[in-house]
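All residue numbers for the sequence shown refer to this note's numbering, where the first residue is 25 and numbers rise by one.
Note that CB positions come from ideal geometry on N, CA and C, so glycine has one too.
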Amino acid sequence: MSDPASSQTSTPGLMPAAFLGHGNPMNALADNRYTQAWHALGRAIPRPRAILVVSAHWYINATAVTAMPRPRTIHDFYGFPQPLFDVDYPAPGLPSFVEEVSDVVHPTWVGADVDSWGIDHGTWSVLMHAFPDADIPVMQLSINADKPFDYHLDLGARLAPLREQGVLIIGSGNVVHNLGGMTSTMPDGGFDWAERFDEQVKASMADQPTETAALDGHRDFRTAVPTPDHYIPLLYLAGLAGAAGRGADVLVDGYAYGSLSMTAYTLDLACPGAGDGTEPAAALPEGVPPDGSNI
Numbered sequence: 025m026s027d028p029a030s031s032q033t034s035t036p037g038l039m040p041a042a043f044l045g046h047g048n049p050m051n052a053l054a055d056n057r058y059t060q061a062w063h064a065l066g067r068a069i070p071r072p073r074a075i076l077v078v079s080a081h082w083y084i085n086a087t088a089v090t091a092m093p094r095p096r097t098i099h100d101f102y103g104f105p106q107p108l109f110d111v112d113y114p115a116p117g118l119p120s121f122v123e124e125v126s127d128v129v130h131p132t133w134v135g136a137d138v139d140s141w142g143i144d145h146g147t148w149s150v151l152m153h154a155f156p157d158a159d160i161p162v163m164q165l166s167i168n169a170d171k172p173f174d175y176h177l178d179l180g181a182r183l184a185p186l187r188e189q190g191v192l193i194i195g196s197g198n199v200v201h202n203l204g205g206m207t208s209t210m211p212d213g214g215f216d217w218a219e220r221f222d223e224q225v226k227a228s229m230a231d232q233p234t235e236t237a238a239l240d241g242h243r244d245f246r247t248a249v250p251t252p253d254h255y256i257p258l259l260y261l262a263g264l265a266g267a268a269g270r271g272a273d274v275l276v277d278g279y280a281y282g283s284l285s286m287t288a289y290t291l292d293l294a295c296p297g298a299g300d301g302t303e304p305a306a307a308l309p310e311g312v313p314p315d316g317s318n319i
């Protein structure tokens with residue numbers, strides 16, 4: 025974890041930004057070192073006018089923003105206990121916000137999703153802890169699966185003016201996300217390859233954040249990132265950091281089940297002590313196959 029003394033402090037008039045490693049959906053209901061860090065993040069941030077989340081779980085063949093006044097809470101997973109399906113995160117939407125996004129990222133085309141998506145668990149599982157009142161407008165920006173890493177890095181940089189307009193931008197995924205490699209024997213540990221890749225990402229995000237998009241050449245990338253959906257949200261924070269000319273700070277770090285990194289980052293926000301807890305990430309329920317549960 026970063027030394028709090030070296031962390032960036034909030035810049036007046038500039039909303040911070042973040043990337044959160046959300047892990048499995050049970051973290052939504054848990055109290056552990058990661059959810060405590062998300063809570064600390066929410067308390068440290070000035071109240072946003074709106075929240076824009078790039079979630080790993082809205083991975084489609086287009087770039088779009090949710091544009092409904094009351095986005096539904098999506099339970100996009102399988103096999104988990106009923107209390108998780110009972111969760112409702114009733115944050116309002118902001119239909120006109122898609123125009124703001126379109127303006128700042130022009131000429132990149134952005135569609136308005138008025139009825140197909142909502143707030144998926146990559147978003148609500150972390151916002152439940154960071155902003156439990158669910159009274160701030162929440163929109164999601166889809167991940168365009170047809171585009172390369174550099175597109176997402178550039179799009180993140182183009183979103184930077186929104187930070188000056190009171191918009192909190194959050195990426196939600198996992199730096200290391202290999203569901204097939206998960207093992208119950210390492211509930212709070214990481215394989216060597218997971219730790220090597222995660223540490224390389226930390227170095228890049230601290231010193232040369234835009235280089236994070238070029239780590240597909242790292243020797244452990246294919247094992248750590250077998251599919252790009254959970255890694256790409258980090259590139260939006262990397263793009264924002266590059267646009268600001270600053271590195272990002274680690275909010276909390278650690279591993280779950282060997283092959284998941286729970287590392288989270290902040291840009292222009294100090295949260296001293298946010299990652300000092302000891303409780304591991306939430307356990308998976310018995311009998312839930314991670315590679316078939318959409319976590």
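What does DSSP give as the partner residues of residue i in its beta bridges?
{"i": "asparagine 168", "result": "Ile84"}
{"i": "aspartate 273", "result": "Thr290"}
{"i": "isoleucine 9", "result": "In the structure as shown, the chain starts at 25 and stops at 319, and residue 9 therefore has no counterpart that could be examined."}
{"i": "serine 149", "result": "Per DSSP, none; premise fails for serine 149."}
{"i": "asparagine 284", "result": "The identity of residue 284 in the sequence shown is leucine, whereas the question assumes asparagine. Answer is His201 and Ala280, bridged to leucine 284."}
{"i": "threonine 97", "result": "Ile143"}
For the alpha helix (DSSP H) that contains residue i, what are its first and last residues?
{"i": "aspartate 174", "result": "173-182"}
{"i": "alanine 41", "result": "Looking at the DSSP string, alanine 41 is not in any alpha helix (DSSP H); the run it does join, the beta strand (DSSP E), is 41-45."}
{"i": "aspartate 139", "result": "Neither: aspartate 139 is in no alpha helix (DSSP H) and is coded neither H nor E."}
{"i": "glutamine 232", "result": "Counting along the chain, glutamine 232 falls outside any alpha helix (DSSP H), and DSSP gives it neither H nor E."}
{"i": "aspartate 127", "result": "121-129"}
{"i": "leucine 65", "result": "57-68"}
{"i": "leucine 38", "result": "Counting along the chain, leucine 38 falls outside any alpha helix (DSSP H), and DSSP gives it neither H nor E."}
{"i": "leucine 108", "result": "106-109"}
Report, in whole angstroms, the separation of the C-beta atoms of residue i and residue j, which I expect to be a contact under 8 Å.
{"i": "serine 149", "j": "asparagine 51", "result": "6 Å"}
{"i": "alanine 218", "j": "tyrosine 289", "result": "Actually they do not touch by this definition, with Cβ atoms about 17 Å apart."}
{"i": "methionine 39", "j": "valine 191", "result": "6 Å"}
{"i": "histidine 63", "j": "glycine 146", "result": "About 17 Å; that fails the 8 Å criterion."}
{"i": "leucine 186", "j": "glutamate 124", "result": "7 Å"}
{"i": "alanine 61", "j": "glycine 214", "result": "Their Cβ separation, rounded to whole angstroms, is 17 Å, which puts alanine 61 and glycine 214 out of contact at 8 Å."}
{"i": "tyrosine 58", "j": "asparagine 318", "result": "Not confirmed; about 19 Å, so no contact."}
{"i": "leucine 65", "j": "alanine 42", "result": "6 Å"}
{"i": "aspartate 100", "j": "aspartate 144", "result": "5 Å"}
{"i": "histidine 129", "j": "arginine 73", "result": "In the sequence as displayed, the identity of residue 129 is valine instead of histidine. Actually they do not touch by this definition, with Cβ atoms about 18 Å apart."}
So for residue i, helix, strand or coil by DSSP?
{"i": "alanine 305", "result": "coil"}
{"i": "tyrosine 260", "result": "helix"}
{"i": "methionine 25", "result": "Low per-residue confidence applies at methionine 25: pLDDT is 41, beneath 50, and the placement is therefore not dependable enough to give any value."}
{"i": "valine 89", "result": "strand"}
{"i": "threonine 207", "result": "coil"}
{"i": "threonine 247", "result": "helix"}
{"i": "glycine 241", "result": "helix"}
{"i": "glycine 214", "result": "strand"}
{"i": "phenylalanine 155", "result": "coil"}
{"i": "glycine 316", "result": "helix"}
{"i": "leucine 118", "result": "coil"}
{"i": "proline 252", "result": "coil"}
{"i": "glutamate 219", "result": "helix"}
{"i": "alanine 298", "result": "coil"}
{"i": "glycine 103", "result": "coil"}
{"i": "glycine 266", "result": "helix"}
{"i": "glutamate 310", "result": "coil"}
{"i": "alanine 52", "result": "helix"}
{"i": "glutamine 224", "result": "helix"}
(message) Quick check: the stretch 42-51 against the stretch 122-136, are at least 3 beta-carbon pairs closer than 8 Å?
(response) Here the stretch 122-136 makes no contact with the stretch 42-51; the two share fewer than three CB pairs at distances below 8 Å.
(message) When you compare the stretch 103-118 with the stretch 150-158, are there three or more beta-carbon pairs, one atom per stretch, that lie closer than 8 Å?
(response) Verdict: yes, contact present.
(message) Between the stretch 266-285 and the stretch 297-308, can you find at least three pairs of beta-carbon atoms closer than 8 Å?
(response) Contact between the stretch 297-308 and the stretch 266-285 is present, because at least three Cβ pairs lie under 8 Å.
(request) Could you tell me whether the stretch 263-277 touches the stretch 289-302, using the rule of 3 or more Cβ pairs below 8 Å? (result) Remark: three or more beta-carbon pairs, one from each stretch, lie closer than 8 Å, so the stretch 263-277 and the stretch 289-302 are flagged as touching.
(request) Flag this pair as touching only if the stretch 250-262 and the stretch 194-210 have three or more C-beta atom pairs under 8 Å; answer yes or no. (result) The answer is yes - the stretch 194-210 touches the stretch 250-262, with three or more Cβ pairs under 8 Å.
(message) With three or more C-beta pairs closer than 8 Å as the rule, is the stretch 269-277 touching the stretch 221-236?
(response) Contact between the stretch 221-236 and the stretch 269-277 is present, with at least three C-beta pairs closer than 8 Å.
(message) Pairs of beta-carbons, one from the stretch 198-216 and one from the stretch 167-174, closer than 8 Å: are there three or more?
(response) Contact fails: fewer than three Cβ-Cβ distances are below 8 Å.
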